[in-house]
Amino acid sequence: MARFTLPRDIYHGPGAIEELKNLKGKKAIVVVGGGSMKRFGFLDKVVNNLKAAGMEVQLFENVEPDPSVETVMKGAAAMREFQPDWIVSIGGGSPIDAAKAMWVFYEYPETTFEEIIQPFSFPELRKKAKFLAIPSTSGTATEVTAFSVITDYAKGIKYPLADFNITPDVAVVDPDLAETMPAKLTAHTGMDALTHAVEAYVSTLNCCFTDPLALKAIEMVFQYLEASYKGDMKAREQMHYAQCLAGMAFSNALLGIVHSMAHKTGAAYKNGHIVHGCANAMYLPQVIKFNAKNAVAAERYAQIAKFVGLKGATTAELVKALCDKIDEYNVALSIPKCIKDYENGMVPEDEFLEKLPQVAELAIGDACTGSNPRIPTQEEMEKLLKCCYYGTEVDF
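Encoded structure:
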């Protein structure tokens, strides 16, 4: 038996944020990030619409990119004091992910972070509050997923939390918010969406419910991402929907080792973070080549290639065409080919090699690895990470 879980309601289209006026409740806490939603007026719209619905509203602001365990605990404490019956989060993946984790500790103060790291181990939620998410970026799709990524900076590890309990009750997918994204963020989030859809399609947990969502999302990304990156707002709107479709797919089919590697390399190096979407974009072609040694996975990649109109007489040619197409997109979107070239050499070679065994071990143990079509050994993961660092060919 398998399970397929989505938010009960998804409101989409320009102006969908107005639906908050119809929310039923007494108190809402709004979790938001560093200020762009305030600058562009969307936070005021959320607050005013909630007040129009008759709710008392409190803000929890300044959730940082790659939210920390500490921020989650502070937010949960604020919720316990305010006692909201709605948790509303607006912004990119970070504030929404943080709010999901806060939700757990609001309803279960005695729970520890260590207890929820194990996938699908959360206590039953909705004892005190429901959850509404409004994404402003077109990549994470956390507004429709059972996932949250929280960083333990003391340990230098990103934890992907997974449980159907944290799938939001309501998602508001309003493309007006996505119009504010700068080009670089548009590129990174778009490639994150593509990675979600591709990994969901080749996941060992794919099924007839997730496949159509994944394929449609891939088709839309290939059709609209470059134009969205260049500032075409009609394409930006379609990308906002594409990433949501990809999220519905991977929330139920799960992901693979592109994400395992992105999670564990993202916070591992002292000079700064490798941005998640950019990491996915760099690693995806390399992982496709690694996974394609598995015949079932190779055929799935070939199906993707055919679906989007790529040419090839054999499975191997179609897989290569798919990798080449992703490489072309990375060039068009100004995404580096490998970690060594990321942000002018932000990750020094000596540090990368020193931390390689530990990063590889953590990536293998990541929650996303279990549904990857080919499970790497420690040696294989180290070799794969080296290929991603140097941009060398995967031939094993």
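With our numbering, the residue at position 161 of the sequence shown is 145, and numbering never jumps.
Heads up, the beta-carbon is just placed ideally off N, CA and C, and yes, glycines get one too.
This one's a predicted model, so the numbers in the text were calculated from it and none came from an experiment.
Asked                                                                                                                           : Found
Status (buried if at least 16 other CB within 10 Å, exposed otherwise) for residue 149                                          : buried
Sub-8 Å separation of residue 47 and residue 79 beta-carbons                                                                    : yes
Of the listed residues 304, 121 and 264, nearest to residue 20 (C-alpha basis)                                                  : 121
Buried or exposed (CB count within 10 angstroms, at least 16 for buried), residue 30                                            : buried
Pair within 8 Å by beta-carbon distance, residue 280 and residue 240                                                            : no
For residue 133: DSSP bridge partner residues                                                                                   : 144
Beta-carbon proximity of residue 269 to residue 307, cut-off 8 Å                                                                : yes
CA-to-CA distance, residue 334 to residue -11, given in whole angstroms                                                         : 44 Å
Buried or exposed by the 16-neighbour rule on C-beta atoms within 10 Å, applied to residue 105                                  : exposed
Distance between beta carbons of residue 12 and residue 72, contact taken as under 8 Å                                          : 5 Å
Cut-off 8 Å between Cβ atoms - residues of its own chain near residue 366, not counting five sequence neighbours on either side : 340, 341 and 344
Endpoints, beta strand (DSSP E) assigned at residue -7                                                                          : -7 to -4
Straight-line gap, residue 377 to residue 284 (C-alpha atoms, nearest Å)                                                        : 21 Å
Touching by the beta-carbon criterion (3+ pairs, under 8 Å), the stretch 213 to 232 and the stretch 243 to 260                  : no
Where residue 47 falls: helix, strand or coil (DSSP)                                                                            : coil
Straight-line gap, residue 290 to residue 184 (C-alpha atoms, nearest Å)                                                        : 17 Å
Selected residue, minimal CA-CA separation from residue 403, among 220, 315, 0 and 55                                           : Here the chain has residues from -15 to 380 only, and residue 403 is not among them.
Euclidean distance between Cα positions of residue 97 and residue 372                                                           : 31 Å
CA nearest to the CA of residue 201, picked from 218, 87, 176 and 188                                                           : 176
Nearest-angstrom Cα separation, counted from residue 348 out to residue 361                                                     : 8 Å
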